[in-house]
Amino acid sequence: MGRDYHKVLRNRLQRLAEKLEEVVGAYGYRVFTDSAPLAEVSLAAQAGLGWRGKHTLLLNREGGSLFFPGEILTDLPLPADEADSGHCGRCTRCLDVCPTGAIVEPYTVDARRCISYLTIELKSAIPEALRPLIGNRVYGCDDCQLYCPWNRFAVPAQEADFAVRHGLDNLSLVELFGWSEVQFQQRMAGSAIYRIGYHKWLSNPAVGLGNAPTSAEVVSALRQRLEMTEPMVAEVVRWALRQHGVTES
Ligand code: B12
Ligand code: SF4
Ligand code: SF4
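Structure below.
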C-alpha cells in the first residue's frame, strides 16, 4: 500500500503531456486517472490497450490487469489504433473465486456485492448478510485479478511511491483495530485509505475479527471497543462479538 497512486500517476501524465508540448508545440489536453466521469476501461479497450475481462477490468497480454489506466485527452490529430477482441476464452476463474459472488455474469459486476465497494465506498456499515463473506479483507479486494491466468507473471511495481509503508503488509487485524484516530491519521496521511475516515476504517477490521477464529485476544480486542459510541462501529463490534458467542453487551 503506497501513496495515493492515482495522484502519482496523474502527475506523471501531466509531465508526459508537457514533454509532448515541447516537441509538437502548444496543443489542447487534459490528464485523467480515476479522476473524472470517463469510461476509462471502455476507452482504453477501444484504443487498443487491451480488452475488458469477464471481471470487467482492463487486461492486456503483457501486463495482465494489475495496472491503472491513465489518459491524456487531446485535440492532436493522432492515428486511431484497433480495438482488441479479447482473450478470456472459456475461462471463468474470476467468477468462480469472487468471495461475494459479485461478478453476477461475465462482464457484469454488481457493485453492491463487491468488497471494494463495501470496504471503501459504502459510507454505512457493510450489510450483515455479506459480512461473513468478507473474510479478513480490510480495504478493497483483488481476488478476481489475483486468480486470473493473465496475471500469473505479474511482478511488484518498482516505483518508490508504491512501496509498502509502516509495515502495513505484515500487521494483524488486532493491531490495525487497535489504532487510535491519531495513529490512523499519521500512518495513512497521503494514502487513498485516509479518505475513508477513521470510523469506516475501524469497522472493516471489526468485520474481519468477527470472521476470525475465536480466541481470547480477538474477543478482548473487540471488548475494548465496546466504549465506542459512533453508531456504525458500535453496531459492527457487537455483531463481531456475537460471532464469538459474546452477547452480554
Ligand atoms: C465505479 C468503479 C468501481 C465500482 C464498480 C466496478 C464495476 N466493475 O462496475 C467498484 C467500487 C465496485 C470498483 C471496484 C474496483 N475497481 Co473500480 N472503478 C470504477 C470507476 C470509477 C468507474 C467505472 C464505471 O462504472 N464507469 C461507468 C460505466 C458506465 O462505464 P463502463 O463500466 O466502462 O461501461 C461502458 C461499457 O462497458 C459499455 N457497457 C457497459 N454495460 C453495458 C451494457 C450494454 C447493454 C451495452 C450495450 C454497453 C455496456 O458502455 C459503458 C459506457 O461506455 C473506474 C474509473 C473510471 N473512470 O472508469 C474504476 C476502475 C474501473 N476501477 C479500477 C480498480 C483497480 C478497481 C478494483 C480492482 C479496486 C480494488 N483493488 O479494490 C476493484 C475491482 C472490482 C471489479 N471486478 O470491477 C481501475 C481498473 C484498472 C484496470 N486494469 O482495469 C479503474 C479503471 C480506475 C483506475 N483508473 O485505476 N470500481
Ligand atoms: S474485487 Fe473481489 S469482491 Fe469485487 S468483483 Fe473482484 S473478487 Fe469480487
Ligand atoms: S480470470 Fe479468466 S475470465 Fe476472468 S478476466 Fe481473467 S482470463 Fe478472463
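Residue numbers (our numbering): 712 to 960. Built from N, CA and C at the ideal position, the CB exists for glycine as well.
For this session: Compare the beta carbon distance of residue 811 and residue 825 with 8 Å and say whether it is the shorter of the two.
Result: Taking the first residue of the sequence shown as 1, we reach residue 811 at position 100. Taking the first residue of the sequence shown as 1, we reach residue 825 at position 114. Yes. Within cutoff.
For this session: Below 6 Å CB to CB, which residues in the same chain sit around residue 936 once its five sequence neighbours on both sides are set aside?
Result: Mapped onto the sequence shown, residue 936 falls at position 225. Around residue 936: 948.
For this session: Tell me whether residue 782 sits in a helix, a strand or coil according to DSSP, three-state version.
Result: As a working mapping, residue 782 is identified with position 71 in the sequence shown. The answer is strand: DSSP assigns residue 782 an E or B state.
Exercise. Under the three-state reduction of DSSP, which class applies to residue 723: helix, strand or coil?
Worked result: Taking the sequence shown and counting its residues from 1, one reaches residue 723 at position 12. Three-state DSSP puts residue 723 in a helix.
Problem set entry | Three-state class that DSSP yields for residue 927 in the structure shown | For the purposes of this step, residue 927 is taken as the residue at position 216 of the sequence shown. Residue state, collapsed to three classes: helix.
Problem set entry | ligand 3 heavy atom lying under 7 Å from the CB of residue 804 | Mapped onto the sequence shown, residue 804 falls at position 93. Answer for residue 804: yes, Cβ within range of ligand 3.
For this session: Thinking residue 779 and residue 720 are a contact (beta carbons under 8 Å), I'd like their distance in whole angstroms, please.
Result: The residue you call residue 779 lines up with position 68 of the sequence shown. The residue you call residue 720 lines up with position 9 of the sequence shown. Going by Cβ atoms, the distance from residue 779 to residue 720 rounds to 6 Å, so yes, they are a contact pair.
Exercise. Less than 7 Å between the CB of residue 859 and some heavy atom of ligand 2, yes or no?
Worked result: Reading the sequence shown from its first residue, position 148 is the one you call residue 859. No, since every heavy atom of ligand 2 falls outside the 7 Å radius drawn around the Cβ of residue 859.
For this session: Answer yes or no: the CB of residue 778 versus the heavy atoms of ligand 1, is any distance below 7 Å?
Result: Your numbering for residue 778 matches position 67 in the sequence shown. Yes, the Cβ of residue 778 comes within 7 Å of a heavy atom of ligand 1.
For this session: Report the option in 893, 763, 785, 848 whose CA atom is closest to the CA atom of residue 799.
Result: If you number the sequence shown from 1, residue 799 lands on position 88. Considering only alpha carbons, the answer is 763.
Exercise. Quick one: is the Cβ of residue 766 within less than 7 Å of any heavy atom of ligand 3?
Worked result: On the sequence shown, residue 766 is found 55 positions in, with the first residue counted as 1. Yes, the Cβ of residue 766 comes within 7 Å of a heavy atom of ligand 3.
Exercise. Measuring from the CB of residue 719, is there a heavy atom of ligand 2 at a distance below 7 Å?
Worked result: Counting from 1 along the sequence shown, the entry for residue 719 is found at position 8. Checking every heavy atom of ligand 2 against the Cβ of residue 719, none is found closer than 7 Å.
For this session: May I ask you to report which of helix, strand or coil DSSP gives residue 771?
Result: By one-based count along the sequence shown, residue 771 stands at place 60. DSSP places residue 771 in strand when its eight states are reduced to three.
For this session: Could you round the C-beta distance between residue 919 and residue 875 to whole angstroms and report it? I think they count as a contact, below 8 Å.
Result: Position 208 of the sequence shown holds residue 919. Position 164 of the sequence shown holds residue 875. Rounded, the Cβ-Cβ distance is 19 Å, inconsistent with contact.
Exercise. Going by the C-beta, is residue 770 closer than 7 Å to any heavy atom of ligand 3?
Worked result: Your numbering for residue 770 matches position 59 in the sequence shown. Within the cutoff, so yes.
Problem set entry | For residue 816, the residue or residues it bridges with in DSSP | As a working mapping, residue 816 is identified with position 105 in the sequence shown. The partner list for residue 816 (beta bridge, DSSP) reads 819.
For this session: Could you tell me if residue 847 is buried or exposed, where buried requires 16 or more neighbouring beta carbons within 10 angstroms of its beta carbon?
Result: Within the sequence shown, the letter at position 136 stands for residue 847. The residue is exposed, with fewer than 16 neighbouring Cβ atoms inside 10 Å.
For this session: Below 8 Å on the Cβ atoms is my guess for residue 909 versus residue 892; work out the distance and round it to an integer in Å.
Result: Residue mapping note: residue 909 aligns to position 198 of the sequence shown, counting from 1. Residue mapping note: residue 892 aligns to position 181 of the sequence shown, counting from 1. That pair is a contact at about 5 Å.
Problem set entry | Proximal residues to residue 957 (C-beta, below 8 Å), its chain only, five neighbours per side dropped | Here residue 957 refers to the residue found at position 246 when the sequence shown is read from its first residue. Answer for residue 957: 930, 933, 934, listed in chain order.
Exercise. By DSSP, does residue 864 sit in helix, in strand, or in coil?
Worked result: Translated into positions along the sequence shown, residue 864 becomes position 153. If DSSP states are grouped into helix, strand and coil, residue 864 belongs with coil.
Problem set entry | Beta-carbon contacts of residue 928 that lie in its chain and below 8 Å, excluding the five residues immediately before and after | Position 217 of the sequence shown, counted from the first residue, corresponds to residue 928. 885, listed in sequence order.
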